[in-house]
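What follows is one structure encoded as structure tokens, with my remarks underneath.
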Ligand code: TYD
Ligand code: MG
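In this note's numbering, the protein residues as written are 695 to 1150.
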């Protein structure tokens, strides 16, 4: 048999017939490695391993004759997961769950397997049966129809899956799987590609949904990488800070729903707990009249989320003042400080500035600016801001308060949580003025207004 080899970029998966130093598609250096792609993937040989009884030959069909999928969704018994999947699990779909090592991917999916009332096959190439059992005991609730299988050969896995006919398959993780048709090491680009391709063929022919766990490279891409993202139907990312309990499950791609949804969990000693009211946890209840904190009415995905921002401003001891931010973009913090210095003459240039977003949650919503600015001024001037006030607005370079999306939703969430006042941008004020809310809505057009209204 002819041995064929090719070179692949280990960062982005691009292929080249010869070795090259710099990848033309992702511009990384020294990422090309040779991989042997033996035996041109023989379809017949693969079909000997497992053959679906349900398979029928595809013929062109009228669109009207095609049945809809929308009504057939599996309830995963996990409200947060159902939400990010767009209302439940679609039959025959492939879901990639990515995340950094130790964030809780195995826990999330084992928990899913244990909560189900259906037959689930959990395949692990990373842990032994005993280790999985230990974890399952820790999580509790036992599904009698949960099968554990530890193997890495994709042919064996699919043969067993075909015999067992489970309702859901979970693969932990794609980087440990190997296909006997390919000679390269597990986790290499060609292995990951081939194994995912086989899993996809299985899912589509048997209509069994498959969850695949994938590790993330240090740059944040799913290892083995971009090419996986377009093979699968749904890409979920599990993120959070290992030192905090909160975890966010984000949709990066979804063929069956929106990508705006997030699921929020907390990791505790008995596994992951669903958090349906995140705002209540992210604001510290104690009202100790300390300065330097302000509450932001932000929106993550489609959900309003009230988050506490904390700042500490203190005179710089060394020549260059320090700036540090956790959960917030450092460059954006520098920009906000420059705006405060230039437009309001506040002396941040002589001070060290530390900024922290509660709960270890990373916020990308620009509406948090106004709360950050308020927390900064509050710390600088040592003035306490009541925890009954919250803020939603983006701050522009000339010190203007810009409007943010879904402002009504933010106001309603603030009202629901019992806030007294919410500060928003005065842009299109008349639209908001016409509505009535259970919370006082106050409008700001510039940072100077904030100084007058809040710090006067
Ligand atoms: P794990 O699911 O193994 O992460 P991944 O598969 O993404 O690598 O989760 C690892 C962490 O979760 C581990 O550091 C311990 C913690 N953990 C808990 O805090 N409580 C629990 O009940 C479980 C099962 C794990
Ligand atoms: Mg794991």
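C-beta atoms are modelled at their ideal positions from N, C-alpha and C, and glycine is treated no differently.
| query | Can you list the beta strand (DSSP E) stretches of 3 or more residues lying completely in the region 980–1043, in chain order? | reply | 987–994, 997–1009, 1017–1020
| field | ligand 1 heavy atom lying under 6 Å from the CB of residue 797 | value | yes
| Which value, in whole angstroms, describes the spacing of the CA atoms of residue 896 and residue 753? | 19 Å
| field | Same chain, Cβ closer than 8 Å to residue 1138, five either side skipped, listed in chain order | value | 1064, 1087, 1095, 1117, 1118, 1119, 1120, 1144, 1147
| query | Roughly how far, in whole angstroms, is the beta-carbon of residue 1005 from the beta-carbon of residue 1061, given that I think they are within contact range, below 8 Å? | reply | Their Cβ separation, rounded to whole angstroms, is 17 Å, which puts residue 1005 and residue 1061 out of contact at 8 Å.
| task | Verify whether the separation of the beta carbon atoms of residue 799 and residue 730 is less than 7 Å. | result | no
| message | Tell me the DSSP secondary structure of residue 812 in three-state form. | response | coil
| said: Here's the rule I'm using: 16 or more other beta-carbon atoms within 10 Å means buried, otherwise exposed. How should residue 696 be labelled? | reply: Because residue 696 sits at a pLDDT of 48, beneath the cut-off of 50, its placement in the model cannot be relied upon, and the following sentence gives the value as read from the coordinates. Residue 696 is exposed by the Cβ-count criterion.
| query | Between residue 782 and residue 802, what straight-line distance do the alpha-carbon atoms span, to the nearest angstrom? | reply | 16 Å
| task | Pick helix, strand or coil for residue 936, following the three-state DSSP scheme. | result | coil
| Would the C-beta of residue 818 count as close to ligand 2, meaning under 6 Å from any of its heavy atoms? | no
| Going along the chain, which unbroken runs of the alpha helix (DSSP H) with 4 or more residues stay wholly within the region 1058–1115? | 1063–1075, 1101–1110
| query | Would you call the CB atoms of residue 785 and residue 766 closer than 7 Å? | reply | yes
| said: Rounding to the nearest angstrom, what Cα-Cα distance links residue 1109 and residue 1100 in this structure? | reply: 15 Å
| query | Would a C-beta distance cut-off of 7 Å place residue 890 and residue 858 closer than the cut-off? | reply | no
| task | Return yes when the C-beta of residue 800 is under 6 Å from any heavy atom of ligand 2, and no when it is not. | result | yes
| request: Report yes if the CB atom of residue 954 is closer than 7 Å to the CB atom of residue 996, and no otherwise. | output: yes
| message | Using the three-state DSSP reduction, which class does residue 826 fall into: helix, strand or coil? | response | helix
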